[in-house]
Each structure stands twice: as structure tokens, then as C-alpha cells.
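Line by line, the protein sequences give chains V, C, R and E.
Using UniProt numbering, read the first sequence as starting at 1 and increasing by one per residue.
Using UniProt numbering, read the second sequence as starting at 1 and increasing by one per residue.
Using UniProt numbering, read the third sequence as starting at 1 and increasing by one per residue.
Using UniProt numbering, read the fourth sequence as starting at 1 and increasing by one per residue.
Number of protein chains: 4
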Amino acid sequence: MIIRLDMQSDLPIYAQLMNQIIEGIASGSLKPGEDLPSVRSLASDIGVNLHTINKAYTLLKQEGFIQIHRQKGVVVNPDGMPGITPEYEQKQAEQLRPMIAEAICRSMDKERLLQIVESLYEDISHSEKENA
Amino acid sequence: MIIRLDMQSDLPIYAQLMNQIIEGIASGSLKPGEDLPSVRSLASDIGVNLHTINKAYTLLKQEGFIQIHRQKGVVVNPDGMPGITPEYEQKQAEQLRPMIAEAICRSMDKERLLQIVESLYEDISHSEKENA
Amino acid sequence: MIIRLDMQSDLPIYAQLMNQIIEGIASGSLKPGEDLPSVRSLASDIGVNLHTINKAYTLLKQEGFIQIHRQKGVVVNPDGMPGITPEYEQKQAEQLRPMIAEAICRSMDKERLLQIVESLYEDISHSEKENA
Amino acid sequence: MIIRLDMQSDLPIYAQLMNQIIEGIASGSLKPGEDLPSVRSLASDIGVNLHTINKAYTLLKQEGFIQIHRQKGVVVNPDGMPGITPEYEQKQAEQLRPMIAEAICRSMDKERLLQIVESLYEDISHSEKENA
DNA sequence: GTGGTCTAGACCACA
DNA sequence: GTGGTCTAGACCACG
């Protein structure tokens, strides 16, 4: 699992971290039950503040992607990922809507948009299955 | 054109405003060449500061969605919307990727995701064609 | 003399007007002593406010490019153009400096910059000599 | 880096600031990767509102001259300056043209104009190389 | 401590 | 009346 952070992105580092971990799980490079680096070691590895890692982990735990045990450390949730809740569906639609609106404005036709989404879906889910 | 703002949202007001205007254009309820409310009148209508409106308008102008005439006011770009530039495609993919990764994590299969995107696409592009 | 105005430029209309007239004189399409349209007729020709034309003419007169006679109308200064005063030299340097600084930043070498300036000089001074 | 502002100028403060920073980069007194003062400290140093500084920095960032890191502050773009894009060339010609037209009107011959430009080019690029 | 955002209120240039 | 600019002062997210 290689973490890539863009320090001059408008996205906060903790959010980039969450995204990378979620994508790691989606791609299969992080499997349920698998250990994640400790807050301390990850912080020193990628050179960011402890608080930042902590915030990312805490939020991922709240959403059910990982578990944090006081002594044992951090693991990808062995009980499986959170499902498709109504809250998630609503959040997803709220995020998707402005992006789709912009695509329509720019005359991107539906087929092309769906193709882009499909291709990203395939790209993420197949990318790192083998090299964890 | 009805503007709905969520003052509790983590999304800044000016960004919500941009999204609503872009969606208005996408839906056809705002047509190229059509006037937008003046900075001051919109500010007082929706109860936010004029600088907030100004920021939204300025950014929309920079992206090519609207034109700002010095004394005449603001109009939807009559020369048409910005196209599908490489920069846009990259931005779009960067935004889409973490959302798709989360969908995969939550076991949303590709068909369902595509169906959601398609349905939002149809919803936006047909929703307000008649009631400007 | 064809006037081209860009209503969505950041440059005020009266300044665009001044520039066009000065360029007309520089190109030879407007000659010293030649009549300029009256405030009223020019305003209706190009569809802008009387005050705007008036402001442009007044400023051009102050700088010595034209003369305004109450009844006879407006003419290109028959006594010749203003010369190269120290004030002009200072103003010119102040305007040129930030543009040259940006060119340097963008790694435009001196030769290329001089070539651009020379080519604009030739372009303006030869452009409309024959078709007033 | 000494900032000189003319509060009486018709050029907005934020634009003067942008020009001074660009000239600082052109002269070599500001080098890629070098820190710029924080919004607040610069504002109090030169006695203007922090929003004014913010506007200048934001625009310089959009044009690619500087980078703004969310919590670390502002630096001259370490990846190098923006290049000579077609948009830049067009903007430059639009700015240069009326200035050259006026020079022609005032009978400044081409050689003298080119000499002025060349001398400013040399002046800026050599002026502050040593005293950052 | 950093930039990001928002508010309230002001003056100005432009047309 | 329009947008453009500037000020003063505030709260927040981030690290």
C-alpha cells in the first residue's frame, strides 16, 4: 500500500488519506482483517502530523471501514465493509449531482459519462488485486 | 430559478451557489444569454453577504459559465458553455475516483452504480426544462 | 475608422475608445485636422452612452490628441500630436515594467520580446495608411 | 523583497502587489521554492487588509506563479514559472498594442522604443540578483 | 499560526 | 444601479 499525498491539493490531508485507504480496500490490496500501520509509524512514514492520521483513522472507524483496538492496533474491519445504507445513498447522490450537472453543461453525453464511470470502476477494482 | 442553501453544510455557500447555477444551466432552466440576478439583489434575496455571491460569480466567470459585464450585470455565457478540456477530464476523474472506490467497498455493483448515475443524468437534464 | 468595443473587457469602454482613436491616428487612418464624429452621432453609431463618448473625447483633448470646438465639432489636433514629455516617458515605463517582468518570468527571451514589440509597431503604423 | 505601494494609484493595491511579486521573481530576488510572507504578516507589514493580500496571492496562484499550501503558507512555485501560452501571448499583445500606438502618435521612433524595452528588460533582470 | 470563509458596511468608477 | 475594491473584524478547519 503506497500512500500518495498532494500537499497543495484543496482536499485536506486527512481526507486524502481516507480516500487512499478506501481505494486500497476497494482494490483488494487491503483485505478485511488486515493490519494497518499504527498511527505513529504511518505518521513518520509519510511525514505528516499524528493528529492528521488520527483524524483519518477515527473517521474511517466511524464509517465502519476499520476497527481500532487500543493495544492491538488498527485493522481493516474483519466483519466486512459497511453496506449501502439510505444515508450513504443520499450522500452519494448529493456528491454525484453537481458533478453530473457540470458534465451536462459541458455537453458530455450520457454514454461517455457512463463509460468514464465504468472504466474507473474497473480500474479501481482490478488495479492492485495481486500486489498487496 | 430557486436557490436552496444549506448553511450547515460543510460545502461553502459560494460553492453551493455555483453548483446550483451550474445545475440550473444543465437543466435548461437557465439558458445562454439569460440574465442572472445582480450581486446585491441575489445577496439580499437569499440572505447572504454580497461578497459571497461575488465570489461564486467570479469563479463561474473564470470557468466560462457566465459573463460579467461591468455595468450591465451578469448573464449565462451566450457563447455557449466551456467544453470538455483535458483539465476538466482530469478534475472529473479525481473527483469521481474516491466516490467510486467507496461504492465498491460497500459492494455496490457496477450495474447499480451506472444506473444511479444514469438516473441522475436524466433527472437533471429533464427536471426543470419547462418551469424557468 | 471602424470602432471595435468589447463589452465584457475589464477595460472601461471610454478607455477602449481612446485606444482605438489613438491607434487610428498612429496608423494614419486619422490625420491631423481630420474631423471626428460628433459625440451624439458616435454614441448612436456604436450604441453607447453619450457620457462615455464625452469622457473619452475630454481625456483625449487633455492629453493633446484632439481639439474640441463648441460649434465646429471634434478634430484630430491639426497642430500635431503631443511629444515625448518626461511625464509620458515615466508613465510609459510604469506601464511597460510589469509587462516586461512577466515576460521575463515566463522565460521569454529579450530577442523574442523585442521582435514582438517591433512587429506590433510595424503592424500598427502600416495597417490602415491607405483606407481611411 | 521591499514592497512599494502607491495608495493614490488607479491600479488596485492587489494588482500592484502582484506586479511587485512578479518583478521580484523576474529579478531573481524571489526564487522558486522560496517562502513568501503569510497573508496576515504581509498585511500588517504594509498596512493593508488581509483580504487584499489574499486576493493578490489567490490570483498569482491561479496564474501559476506561486503555490499556496493550506497550513504551511505561500511559496514561489518550485516547479517553475508558467510558460508562454497562446493565451498569454494574446493578452500581452492586447496590452502592448495601445501603448505602442501612443508611442507612434508621439513620434517615438521604433529604435528608441525598442531601446527602452531592452533597457527595462536588462534593468529588471539584473537589478536585484544579489540583494534578496 | 496558517489560509478559508463569511459578515457588515463603505467608497468609487462606470454607464 | 452595476460590479470593483477595500476595511475591520470574526469564526473555523487544518496540522
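Just so you know, even glycine gets a beta-carbon here, dropped at the ideal spot from N, CA and C.
### Query
Are at least three pairs of beta-carbons, each pair with one atom in the region 40 to 58 of chain V and one in the region 97 to 115 of chain E, less than 8 Å apart?
no
#### Entry: Candidates E/LEU120, E/LEU114, E/TYR121, E/CYS105, of which the one nearest R/HIS126 by Cα
Residue 126 of chain R sits at position 126 when you count from the first residue of the third sequence. Residue E/CYS105 is the option with its Cα nearest to R/HIS126.
### Task
Starting from C/GLY73, trace the beta strand (DSSP E) both ways and give me its first and last residue.
Position 73 of the second sequence, counted from the first residue, corresponds to residue 73 of chain C. Here the beta strand (DSSP E) through C/GLY73 covers 73 to 76.
### Query
At what residues does the alpha helix (DSSP H) containing V/ILE53 begin and finish?
Your numbering for residue 53 of chain V matches position 53 in the first sequence. From DSSP, the alpha helix (DSSP H) with V/ILE53 extends over 50 to 62.
### Task
Measure the alpha-carbon distance for E/GLU23 versus R/LEU17 and round it to whole angstroms.
As a working mapping, residue 23 of chain E is identified with position 23 in the fourth sequence. As a working mapping, residue 17 of chain R is identified with position 17 in the third sequence. Roughly 30 Å separates the two Cα atoms.
### Query
Do you know how far the Cα of V/MET7 is from the Cα of C/ARG70?
Here residue 70 of chain C refers to the residue found at position 70 when the second sequence is read from its first residue. Here residue 7 of chain V refers to the residue found at position 7 when the first sequence is read from its first residue. Distance between the alpha carbons of C/ARG70 and V/MET7 is about 37 Å.
### Message
Given a cut-off of 8 Å on the beta-carbon distance, is the pair R/PRO32 and R/VAL76 in contact?
### Response
Numbered from its first residue, the third sequence carries residue 32 of chain R at position 32. Numbered from its first residue, the third sequence carries residue 76 of chain R at position 76. It is a contact, given that the beta carbons lie within the stated cut-off.
### Message
Quick check: the Cα distance between R/GLU111 and E/ILE124, rounded to an integer number of angstroms?
### Response
Reading the third sequence from its first residue, position 111 is the one you call residue 111 of chain R. Reading the fourth sequence from its first residue, position 124 is the one you call residue 124 of chain E. If I take the Cα positions, the gap works out to 15 Å.
### E/ILE13 in three-state terms, based on DSSP
Position 13 of the fourth sequence holds residue 13 of chain E. Reduced to three states, the DSSP call for E/ILE13 is helix.
#### Entry: Check whether V/LEU120 and C/LEU96 have beta carbons under 8 Å apart
Start at 1 with the first residue of the first sequence, and residue 120 of chain V comes out as number 120. Start at 1 with the first residue of the second sequence, and residue 96 of chain C comes out as number 96. For V/LEU120 and C/LEU96, yes; Cβs fall inside 8 Å.
### Query
Thinking C-beta only, is E/ILE25 closer than 8 Å to E/VAL39?
In the fourth sequence, the residue the question calls residue 39 of chain E occupies position 39. In the fourth sequence, the residue the question calls residue 25 of chain E occupies position 25. It is not a contact, given that the beta carbons lie outside the stated cut-off.
### Task
Please check if any C-beta of chain E sits within less than 8 Å of the C-beta of V/MET7.
Residue numbering aside, residue 7 of chain V sits at position 7 when the first sequence is read from its first letter. Closer than 8 Å: yes.
### Query
Are the beta-carbon atoms of V/MET108 and C/ILE66 separated by less than 8 Å?
Residue 108 of chain V sits at position 108 when you count from the first residue of the first sequence. Residue 66 of chain C sits at position 66 when you count from the first residue of the second sequence. In this structure, C/ILE66 does not lie closer than 8 Å to V/MET108 by Cβ.
### Task
Below 6 Å CB to CB, which residues in the same chain sit around V/ILE3 once its five sequence neighbours on both sides are set aside?
The count along the first sequence starts at 1 and reaches residue 3 of chain V at position 3. GLN20, ILE46, listed in sequence order.
### 8 Å CB neighbourhood of R/LEU30 in its chain, flanking five on each side removed
Here residue 30 of chain R corresponds to residue number 30 of the third sequence, with the count starting at 1. Around R/LEU30: MET1, ILE21, GLY24, LEU36, VAL76, ALA132.
### Query
Nearest CA to the CA of V/GLN48: which residue from V/ILE68, V/GLY28, V/TYR14?
For the purposes of this step, residue 48 of chain V is taken as the residue at position 48 of the first sequence. Residue 48 of chain V is actually Val in this sequence, not Gln. The residue with the shortest Cα to Cα distance from V/VAL48 is V/TYR14.
### Task
Look at E/PRO82 and E/GLY64 and say whether their C-beta atoms are less than 8 Å apart.
Here residue 82 of chain E corresponds to residue number 82 of the fourth sequence, with the count starting at 1. Here residue 64 of chain E corresponds to residue number 64 of the fourth sequence, with the count starting at 1. Result yes, Cβ atoms of E/PRO82 and E/GLY64 sit closer than 8 Å.
### Task
Have a look at E/VAL117 and C/ASP79 and give me their C-alpha separation to the nearest angstrom.
Here the question's residue 117 of chain E lines up with position 117 in the fourth sequence. Here the question's residue 79 of chain C lines up with position 79 in the second sequence. C-alpha separation (whole angstroms): 37 Å.
### Closest residue to C/GLU122 among C/LEU11, C/GLY28, C/LEU5, C/ASP10 (Cα-Cα distance)
Taking the first residue of the second sequence as position 1, residue 122 of chain C is located at position 122. The residue with the shortest Cα to Cα distance from C/GLU122 is C/GLY28.
#### Entry: Burial state of V/GLN90, where buried means 16 or more other Cβ atoms lie within 10 Å
Locating residue 90 of chain V in the first sequence gives position 90, where the first residue counts as 1. Label assigned to V/GLN90: exposed.
### C-alpha distance - E/LEU72 paired with R/TYR88, whole-angstrom precision
The residue labelled residue 72 of chain E in the question sits at position 72 within the fourth sequence. The residue labelled residue 88 of chain R in the question sits at position 88 within the third sequence. The identity of residue 72 of chain E in the sequence shown is Lys, whereas the question assumes Leu. Cα to Cα, the separation comes out at about 44 Å.
### Task
For the beta strand (DSSP E) holding V/GLN8, just list the boundary residues, first then last.
For this step, residue 8 of chain V is matched to residue 8 along the first sequence. That residue, V/GLN8, is in no beta strand (DSSP E); it is neither H nor E in DSSP.
### Task
Run the CB neighbour count on R/LYS60, radius 10 Å, all protein chains shown included, and call it buried at 16 or more, exposed below.
Numbered from 1 along the third sequence, position 60 holds the residue referred to as residue 60 of chain R. The question names Lys, but residue 60 of chain R in the sequence shown is Leu. With 16 or more Cβ atoms within 10 Å of its Cβ, R/LEU60 is classed as buried.
### Message
Between V/VAL117 and chain C, is any beta-carbon pair separated by less than 8 Å?
### Response
Looking up residue 117 of chain V in the first sequence gives position 117. So, interface residue.
### Task
Under 7 Å between beta-carbons, which chain V residues line up against C/GLU102? List them in chain order, please.
Position 102 of the second sequence holds residue 102 of chain C. The answer, in chain order, is ILE22.
#### Entry: Proximal residues to R/LYS55 (C-beta, below 7 Å), its chain only, five neighbours per side dropped
Within the third sequence, the letter at position 55 stands for residue 55 of chain R. TYR14, listed in sequence order.
### Query
Quick one: which chain V residues come within Cβ less than 8 Å of E/GLN67?
As a first step, residue 67 of chain E is located in the fourth sequence; it is residue number 67 there, counting from the start. Within chain V, the residues near E/GLN67 are GLN8.
### Task
Starting from R/MET1, find everything on chain E with Cβ-Cβ shorter than 9 Å and list it in chain order.
For the purposes of this step, residue 1 of chain R is taken as residue 1 along the third sequence, with counting starting at 1. Here the premise fails: no neighbours, minimum Cβ distance about 13 Å.
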